[in-house]
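First residue of the sequence shown: 1, per the UniProt record's numbering; consecutive thereafter. These notes concern the structure reproduced below.
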Amino acid sequence: MIVVMRSGFAQEELARVTQMVSEAGLRSQVTLGENQAIVGVIGVPITDQLQEALEVLPGVEQILRVSKRYKLASRDFHPENTRFSVGPVTFGGDEIVIIAGPCSVEGEEEFLQAAEQSRAAGATMLRGGAYKPRTSPYEFRGMGERGLEIMAEAREKTGLPIITEVMTPADVPLVASYADVLQIGARNSQNYLLLEAAGAAGKPVMLKRGMSMLFEEWLLAAEYIMASGQPNVILCERGIRTFETATRNTLDLSMVPLVKKMSHLPIVIDPSHGTGKADLVPAMAIAAVAAGADALMIEMHPNPDKALSDGAQSLNPAQFADLTPRLEAVAGAIGRRLARLNAAVAAD
Ligand code: PEP
Ligand code: MN
């Protein structure tokens with residue numbers, strides 16, 4: 001249920017609404033606009049009696065019942081785009097954030113090199129996995145905490161904020177103590193205890209779409225994170241599993257306009273996992289920008305042939321450097337631009 005306050009409402013009137021909601025054992029989320037406010041009511045049960053009682057309070061214009069199962073993540077509850085900064089970059093605004101880096105952190109030297117190359121070519125956030133969810137238990141599963149230390153060193157050297165995956169609730173405090181953004185991977189996107197732990201960690205969370213996840217399930221997974229206290233969630237489409245085998249996954253770009261329509265959360269496209277093939281990545285990255293994505297996550301490795309994970313879908317530094325001006329051109333054509341590091345950081 002959404003309570004729409006009359007324009008020019010008084011603060012006491014708003015306070016009476018939220019008090020009545022809390023007396024009914026429910027939570028309020030207030031979104032303030034100029035002279036306006038809407039109160040999202042969250043929880044169960046939302047009764048007709050409560051609706052009737054709220055309807056007659058002074059300052060209340062109307063009550064809307066929301067039939068969607070996700071509330072905090074829905075645009076009905078929060079009509080403006082969610083916008084927030086992570087270090088020098090802002091998600092959800094006019095600027096498009098380019099997140100780049102290798103699939104896994106493989107060693108200090110390799111990662112620092114990848115970080116410098118990513119920054120030089122226009123990336124504004126650094127990715128890398130220290131805890132890797134691998135389909136086979138015999139493959140490289142990441143460097144663990146040492147990988148996080150290396151990422152923090154790369155942030156120090158380049159000024160780029162870092163995003164990295166967390167796989168278990170027990171690891172959340174440690175990973176959150178290093179990461180600027182926590183990544184929830186496709187395989188864990190419906191691990192509800194992990195979503196709650198990540199949501200309570202005090203850092204923005206990027207939630208990948210599971211490989212067989214419906215749109216509503218994805219938004220409900222975001223709802224878990226938001227209901228645990230974290231409003232700054234980024235949705236990431238990374239391809240879903242279909243009957244097609246010529247690509248690793250089927251990148252569902254229609255999620256960009258759909259997320260924009262149904263939710264206020266920023267959306268990231270990951271064309272690397274979305275295609276599984278480096279030569280297909282640039283075209284899909286360009287298409288994602290044209291479709292209105294707020295950010296891209298692109299795997300870039302100093303030497304993809306030697307990568308310990310996902311080499312086949314990783315761009316090499318030259319390919320990545322060739323792509324970013326093309327992204328900039330497409331962004332310009334739709335009235336946006338790529339995010340830049342601020343002058344102080346970029347000048348080092
Ligand atoms: C990754 O980003 O390297 C990763 C494991 O992605 P996904 O969870 O989308 O497979
Ligand atoms: Mn990967």
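No residue lacks a Cβ here, since even glycine has one placed at the ideal position from N, Cα and C.
- Annotation: G274 to Y192 spans about 24 Å, alpha carbon to alpha carbon.
- Taking 7 Å as the cut-off, one finds no heavy atom of the ligand MN near enough to the beta carbon of H264.
- Within the same chain, P282 and I286 come within 8 Å of R326 by CB-CB distance, once the 5 residues on both sides are set aside.
- Per DSSP, the continuous beta strand (DSSP E) segment holding I98 begins and ends at E95 to G101.
- Beta-bridge analysis with DSSP links K208 to C236.
- Looking at the DSSP output, I42 shares a beta bridge with R27.
- I2 has G40 and L64 as its beta-bridge partners, per DSSP.
- Boundaries of the beta strand (DSSP E) around S85: F84 to V86.
- Partner residues in the beta bridge of G129, as assigned by DSSP, are S104.
- For A123, the CB stays at least 7 Å from every heavy atom of the ligand PEP.
- For the set L214, K132, S263 and E106, the Cα lying nearest the Cα of F77 is the one of S263.
- Nearest C-alpha to M206 among V289, D180 and F9: D180.
- As computed with DSSP, S74 is found in a beta bridge with S263.
- As the crow flies, the alpha-carbon of D279 is around 19 Å from that of I240.
- Taking the C-beta atoms as reference points, A73 is found no nearer than 8 Å to M20.
- Per the coordinates, the alpha-carbon of L64 lies some 11 Å from the alpha-carbon of M5.
- Annotation for H301 indicates a beta carbon at 7 Å or more from all heavy atoms of the ligand PEP.
- Residue pairing from DSSP places T90 in a beta bridge opposite S85.
- Minimum Cα-Cα distance from R141 among the listed residues A307, N316, Q319 and A318 corresponds to A307.
- In this structure N232 is buried. Its beta-carbon is surrounded by 16 or more other beta-carbon atoms within 10 angstroms.
- For the set A115, V97, Q313 and P317, the Cα lying nearest the Cα of V289 is the one of V97.
- In the structure shown, the three-state DSSP call for G202 is coil.
- In terms of Cβ geometry, M125 and V89 form a close pair [threshold 8 Å].
- DSSP links I298 through a beta bridge to A100.
- With a cutoff of 7 Å, G185 counts as near the ligand PEP, since its C-beta is closer than that to a heavy atom of the ligand.
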